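Asks: Got a structure here, written out as structure tokens. Questions coming.
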Amino acid sequence: MAEQTPENDTPAAPVAPTTPDKGRPVLVVDDVHLKYKTFGGKRRTGSSRLPGWARGFSQGVGAVDVVHAVKGVSFVAHHGESIGLIGHNGSGKSTLLRAVAGAMPVTSGAIYTDGVASLLGVSGALIKNLSGERNIILGCLALGLKPNEVAAHYEEVVEFADIGDFVRLPMEAYSSGMGARLRFAISTAASPDILMIDEALATGDASFKARSQRRIDEIRERAGTVLLVSHSMGTIKETCDRVLWLDSGVLRADGKPDEVIEAYMETQRAKVEASKK
Ligand SMILES: Nc1ncnc2c1ncn2[C@@H]1O[C@H](COP(=O)(O)OP(=O)(O)OP(=O)(O)O)[C@@H](O)[C@H]1O
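For what it's worth, UniProt numbering labels the leading residue of the sequence shown as 1, then goes sequentially.
Written as structure tokens, this is what we have:
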């Protein structure tokens, strides 16, 4: 197991793949840094430094804050691997998946993929004032399906989303559950080469959750490589043959599930003990 420390923002050393015999490399994440810029925080510099005409305007704008969510992460994933991504809240797991899916630009470093990488989720960007029909077509095209493949999958998506005639109405008329079901149905229409699953998928009522879990399992079987984010160590152990541990944005460990999970749990236990004192 390769282990690094999260003490600072310096780029972590590249991590050697743990399973070089697995298959061809399909995903290379090379010293990737990801930052968010947020607006509206407290201004750190006094507005008196601004010219008179700009002072009133600046009050409503606020300061720009930067969140450095992923710090120098490197790893190589191979065809056939099922990789778990663990770490406490805010450690950068979802951010890293978004970047691999191409939904967020890297601040520095590079991500190379061989094939289609897609993030299964319920938060995909659909257009509220377009009908479900239109969104299915647009969403499937965005996932890389060809027009004839979109036509072949259309009925299946509508049926899985279980939204009936609402498919002809604009999405703004949907309940939040209906919208989430449609987004999920669209995002599972393709069988990507690299499948990323964020556990935040669990949505809707119990029967939809069970159906969506079955769907995830099917897609997982078809996909070449899987990246799974989960807080459930049981799910990770069951599903993954390799685990990456992100700690405050830094790749703290990359190795066999039992070893990495044990090291992670140990720090969690230490934190709980420390909070009791
Ligand atoms: N849109 C955003 N704008 C600004 N900061 C963000 C945004 N999304 C996430 N962050 C910040 O980036 C950091 C990493 O967040 P991220 O959601 O990737 O963590 P995570 O490990 O997936 O957390 P969780 O386990 O709670 O889902 C956190 O500090 C979070 O507050």
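C-beta atoms are modelled at their ideal positions from N, C-alpha and C, and glycine is treated no differently. Computed from a predicted model, the values in this text were never measured in an experiment.
Would you mind reading off the limits of the alpha helix (DSSP H) that contains I261?
Replies: Run containing I261: P257 to K276, per the alpha helix (DSSP H) assignment.
Asks: When the Cα of N135 is compared with those of H153, E262 and L182, which residue comes out closest?
Replies: Nearest C-alpha to N135: L182.
Asks: Closer than 5 Å from C-beta to any heavy atom of ligand 1: which residues, in chain order?
Replies: So the residues near ligand 1 by this Cβ test are Y36, T38, V67, A69, N89, G90, S91, G92, K93, S94 and T95.
Asks: Keeping to the same chain, check which residues put their C-beta closer than 6 Å to that of P105; ignore five residues upstream and five downstream.
Replies: Cβ within range, chain order: n/a, list empty.
Asks: What's the gap between the Cα of S48 and the Cα of V66?
Replies: Note that S48 scores 49 on pLDDT, short of 50, meaning its location in the model is unreliable; the coordinates nonetheless yield the value given after this. Taking the straight line joining both Cα atoms gives about 23 Å.
Asks: With the cut-off set at 9 Å, would you say V100 and L227 are in Cβ contact?
Replies: Yes. Within cutoff.
Asks: Our contact map puts V26 next to D114 with C-beta atoms below 8 Å; I'd like the distance itself, whole angstroms only.
Replies: Yes, they are in contact, since the Cβ atoms of V26 and D114 sit about 5 Å apart, within 8 Å.
Asks: Can you give the beta carbon distance from V243 to I219, rounded, assuming they're within the 8 Å contact cut?
Replies: About 21 Å; that fails the 8 Å criterion.
Asks: Report the option in V28, S187, G164 and G87 whose CA atom is closest to the CA atom of H231.
Replies: The candidate whose alpha carbon is nearest that of H231 is G87.
Asks: So, does the region 176-191 touch the region 78-86, judging by three or more C-beta pairs under 8 Å?
Replies: No, they do not touch.
Asks: I need the boundaries of the beta strand (DSSP E) containing G115, first residue and last residue.
Replies: Segment: none, G115 is in no beta strand (DSSP E) and carries neither H nor E.
Asks: Let's test the definition: count the other Cβ atoms within 10 Å of the Cβ of A223 and tell me whether it reaches 16, buried, or not, exposed.
Replies: The residue is buried, with at least 16 neighbouring Cβ atoms inside 10 Å.
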